[in-house]
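Chemist:
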Amino acid sequence: MPFKKRVHIPERFYHIVTRGNRRDPLFRDEDDFQAFLHILYQIHEKYPFEIASFCLMNNHYHLQLRSKKISLSKIMGLINKRYANYYNTKYRLTGHVYEKRFYDKFIASKEGMLEVSRYIHLNPVEARMVKLPEHYPWSSYKYYKNEHLTAPGFINLSSLLDYYEGASWEKRERYCSSLTLDREGRASSEFN
0 MPFKKRVHIP
10 ERFYHIVTRG
20 NRRDPLFRDE
30 DDFQAFLHIL
40 YQIHEKYPFE
50 IASFCLMNNH
60 YHLQLRSKKI
70 SLSKIMGLIN
80 KRYANYYNTK
90 YRLTGHVYEK
100 RFYDKFIASK
110 EGMLEVSRYI
120 HLNPVEARMV
130 KLPEHYPWSS
140 YKYYKNEHLT
150 APGFINLSSL
160 LDYYEGASWE
170 KRERYCSSLT
180 LDREGRASSE
190 FN
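Right under this line is the structure:
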């Protein structure tokens, strides 16, 4: 049965999730995480897109992404193909790297944007990999938390910070303080 055609709404951000095949690791060491981020940088140079938040976990990754000119399918196809080539070459493997096509859902509101970014940034905390999101090195949270870090060109901090009032540092502080877990220690979201 053919895949359902994806709808691309250029002015909207999407929550994207891609998992490793059989939920195996996509990122086995620091070089793998770095390679993926470098691929994002390379593809962004040729086909500009914006990421509001990201988190690279061991066996999957989350992107909060908008592509105004190129379809989401094309951008994700390039990212996943390049990383799969890197991964299979490095580990001398063949075949599928990913479980299936990437999951995507467009984000329709300000509340949705903030909820998705919260979920993405708290993913390693909920997985009990770290106690605080700023302790996880493979997410965009550090660029929101620390104004002295320069975010890569593909990250658009203002897409989330502009929902808050005040000076830049106040917006960052308000955004970061909004990231809290529920009573059970989970980042509640429909994207589990």
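So for the sequence shown, numbering that gives the first Met the number 0 puts the first residue at 0; every next one is plus one. Using N, Cα and C, we set each Cβ at its ideal position, and we do this for glycine too.
1) Just to confirm before moving on: does the CB-CB distance between residue 71 and residue 7 stay below 7 Å?
2) Rounded to whole angstroms, what's the CA-CA distance from residue 80 to residue 39? Just pull it up for me.
3) Quick one: measure Cβ to Cβ for residue 203 and residue 148, integer angstroms, because I've assumed they're closer than 8 Å.
4) In terms of residues, what are the limits of the alpha helix (DSSP H) holding residue 98?
5) Would you report the Cα separation of residue 65 and residue 178, rounded to the nearest angstrom?
6) Taking residue 173 as the reference, which of 113, 69 and 136 has the closest Cα?
7) Pull the bridge partners of residue 54 from the DSSP assignment, please.
8) Kindly give me the distance between the Cβ atoms of residue 55 and residue 137, rounded to whole angstroms, as I take these residues to be in contact under 8 Å.
9) Whole angstroms are fine: how far does the CA of residue 31 sit from the CA of residue 82?
10) Taking only three categories from DSSP, how would you classify residue 202?
11) Comparing the C-beta of residue 152 with each C-beta of chain D, is any distance below 7 Å?
12) Could you compute how far the alpha carbon of residue 74 sits from the alpha carbon of residue 42?
13) CA-CA distance, residue 34 and residue 168?
14) Residue 81 lies in the alpha helix (DSSP H); which residues open and close that run?
15) Buried or exposed for residue 203, please, with buried defined as at least 16 other CB atoms from any protein chain shown within 10 angstroms of its CB.
16) Put residue 11 into one of helix, strand or coil per three-state DSSP.
17) Are residue 135 and residue 20 closer than 7 Å when you measure CB to CB?
18) Looking at the unbroken alpha helix (DSSP H) that takes in residue 174, where does it start and where does it end?
19) Put residue 146 into one of helix, strand or coil per three-state DSSP.
20) For residue 109, report the span of its alpha helix (DSSP H) as first-last.
Modeler: For this structure:
1) yes
2) Each residue's Cα considered, the two are about 12 Å apart.
3) Given a span of 0 to 191 for the chain in the structure shown, any question on residue 203 remains unanswerable.
4) Note, residue 98: premise wrong, no alpha helix (DSSP H); not H, not E.
5) 22 Å
6) When each option's Cα is compared against that of residue 173, the closest is 113.
7) 61 and 138
8) Correct: roughly 4 Å between the Cβ atoms.
9) 9 Å
10) Past the edges of the chain, shown from 0 to 191, lies residue 202, and the structure says nothing about it.
11) No chain D appears in this structure, which consists of one protein chain only.
12) 8 Å
13) So the alpha carbons of these two residues sit roughly 31 Å apart.
14) 71 to 89
15) In the structure as shown, the chain starts at 0 and stops at 191, and residue 203 therefore has no counterpart that could be examined.
16) In the structure shown, the three-state DSSP call for residue 11 is coil.
17) Contact flag unset, no.
18) 167 to 176
19) coil
20) Under the DSSP assignment, residue 109 falls in the alpha helix (DSSP H) whose first and last residues are 109 to 125.
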